[in-house]
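Each number in the numbering used here corresponds to the 1-based position in the sequence shown with 26 added. Just so you know, even glycine gets a beta-carbon here, dropped at the ideal spot from N, CA and C.
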Amino acid sequence: MIPFKDDNPPGRFPIVTVTFIVINTLVFLFQSGIGLQASVMSYGALPHSLVTMERLQPLHPSLTIFTSMFMHGGLLHLGGNMLYLWIFGDNVEDRLGRFRFTAFYLMGGVFATYAHALSAPLSTVPMVGASGAIAAVLGAYLLMFPRAKVHTLIILVFYIQVIRLPALIVIGFWAIIQLVNGLGASGQPGQGGIAWFAHIGGFVFGMAVISIYMIWQRRNTGGS
Numbered sequence: 027m028i029p030f031k032d033d034n035p036p037g038r039f040p041i042v043t044v045t046f047i048v049i050n051t052l053v054f055l056f057q058s059g060i061g062l063q064a065s066v067m068s069y070g071a072l073p074h075s076l077v078t079m080e081r082l083q084p085l086h087p088s089l090t091i092f093t094s095m096f097m098h099g100g101l102l103h104l105g106g107n108m109l110y111l112w113i114f115g116d117n118v119e120d121r122l123g124r125f126r127f128t129a130f131y132l133m134g135g136v137f138a139t140y141a142h143a144l145s146a147p148l149s150t151v152p153m154v155g156a157s158g159a160i161a162a163v164l165g166a167y168l169l170m171f172p173r174a175k176v177h178t179l180i181i182l183v184f185y186i187q188v189i190r191l192p193a194l195i196v197i198g199f200w201a202i203i204q205l206v207n208g209l210g211a212s213g214q215p216g217q218g219g220i221a222w223f224a225h226i227g228g229f230v231f232g233m234a235v236i237s238i239y240m241i242w243q244r245r246n247t248g249g250s
């Protein structure tokens with residue numbers, strides 16, 4: 027199930043979303059110039075360092091929280107994350123406003139990074155990627171636009187079809203996959219691969235924050 031666009035145009039140009047995509051792309055080009063592995067080892071977020079604040083890299087752990095969320099381990103990693111950000115970020119930005127969306131995205135990334143670190147506090151395997159922050163965006167989109175139609179590529183062996191599904195189904199399916207894989211990977215500290223608990227943590231953060239925001243918004247606009 028691969029989403030590639032939605033039928034939910036924003037009211038204005040998503041300058042913050044596009045800026046984040048550009049920054050991630052430029053950082054990846056920088057990584058490619060100095061070497062992907064070297065850059066990840068130097069500027070990725072180490073769970074052990076985040077928990078203990080022990081400095082094992084050129085930057086202090088508090089700074090790698092932010093450098094790591096703009097770095098990626100490969101072209102497919104970057105492309106997949108930026109596709110999801112492009113599909114779902116513009117509408118969340120439009121609803122929250124540019125300043126609030128910027129703060130929401132960054133704090134979602136921080137929360138996701140620590141969710142991963144606390145799931146494997148002894149690990150010195152660096153974590154990189156925007157997926158934790160994007161997971162927060164997905165949680166927000168799910169609550170704000172559950173019925174929005176998402177064009178999705180379905181591939182089942184020899185069956186290939188593009189269908190329009192509600193965001194509730196597309197993002198809900200994604201969330202279930204993260205949870206199942208996260209629980210399956212628990213108890214395996216120090217392993218590389220996908221930081222499932224970063225996705226889960228970011229998603230929970232996004233839903234929690236947007237739930238509070240929507241309640242506050244309804245009260246301030248006189249809605250029931």
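* Residue from Arg190, Asn207 and Val48 with nearest C-alpha to asparagine 107 -> Of the residues Arg190, Asn207 and Val48, the one whose Cα lies closest to the Cα of asparagine 107 is Val48.
* Taking valine 77 and proline 147 to be in contact with their CB atoms under 8 Å, please state how far apart those CB atoms are, rounded to whole angstroms. => The C-beta distance from valine 77 to proline 147 rounds to 4 Å, short enough to meet the 8 Å contact threshold.
* To do: Please confirm if the region 99-116 is in contact with the region 39-59, defined as three or more CB-CB distances below 8 Å between the two stretches.
  => Yes, since at least three Cβ pairs between the region 99-116 and the region 39-59 fall closer than 8 Å, the two stretches touch.
* **Three-state secondary structure (DSSP) of phenylalanine 137** => In the displayed model, phenylalanine 137 falls within a helix according to three-state DSSP.
* Taking isoleucine 180 as the reference, which of Ile195, Phe171 and Leu169 has the closest Cα? -> The closest CA to that of isoleucine 180, considering only Ile195, Phe171 and Leu169, is found on Ile195.
* To do: Compute the beta-carbon to beta-carbon distance between histidine 225 and phenylalanine 30, rounded to the nearest angstrom, for a pair I have assumed lies under 8 Å.
  => About 19 Å separates the two Cβ atoms, so there is no contact after all.
* Pair within 7 Å by beta-carbon distance, alanine 141 and aspartate 32 -> No. Outside cutoff.
* Since I believe glycine 115 is in contact with valine 163 (beta carbons under 8 Å), could you give me their beta-carbon distance rounded to a whole number of angstroms? => Between the beta-carbon of valine 163 and that of glycine 115 there is about 5 Å, and that keeps the pair under the 8 Å contact cut.
* Asked: Going by the beta-carbon positions, is the gap between glycine 158 and glycine 228 smaller than 7 Å?
  -> Yes, they are a contact pair.
* Apart from the five residues just before and just after leucine 82, which ones in its own chain have a Cβ nearer than 8 Å to its Cβ? -> Excluding positions up to five away in sequence, the list reads Leu72, His74, Ser75 and Thr150.
* **Candidates Phe171, Ile186 and Ala201, of which the one nearest proline 192 by Cα** => It is Phe171 whose Cα lies nearest to the Cα of proline 192.
* **Residue of Thr43, Arg244 and Thr90 minimising C-alpha distance to phenylalanine 125** => Closest option to phenylalanine 125, judged by alpha-carbon separation, among Thr43, Arg244 and Thr90: Thr43.
* **Three-state secondary structure (DSSP) of proline 87** => The three-state reading of DSSP puts proline 87 in helix, counting H, G and I together.
* Asked: Between valine 183 and alanine 156, what straight-line distance do the alpha-carbon atoms span, to the nearest angstrom?
  -> In a straight line, the C-alpha of valine 183 is about 30 Å away from that of alanine 156.
* Can you tell me which of Ser145, Asn34 and Ile202 puts its alpha carbon nearest to the alpha carbon of methionine 27? => Considering only alpha carbons, the answer is Ile202.
* Among Asn117, Leu62, Ala138 and Ile236, nearest to leucine 169 - alpha-carbon criterion -> Ranking Asn117, Leu62, Ala138 and Ile236 by Cα distance to leucine 169 puts Ile236 first.
* Could you have a look at alanine 221 and say whether DSSP puts it in helix, strand or coil? => Collapsing the DSSP output to three states places alanine 221 in coil.
* Asked: Do you know whose CA, among Ser68, Ser58 and Gly165, lies nearest proline 84's CA?
  -> If we check each option's Cα against that of proline 84, Ser68 comes out closest.
* Residue nearest to phenylalanine 137 in terms of C-alpha spacing, selected from Phe39, Trp112, Asn207 and Met95 -> Among Phe39, Trp112, Asn207 and Met95, the Cα nearest to that of phenylalanine 137 is on Met95.
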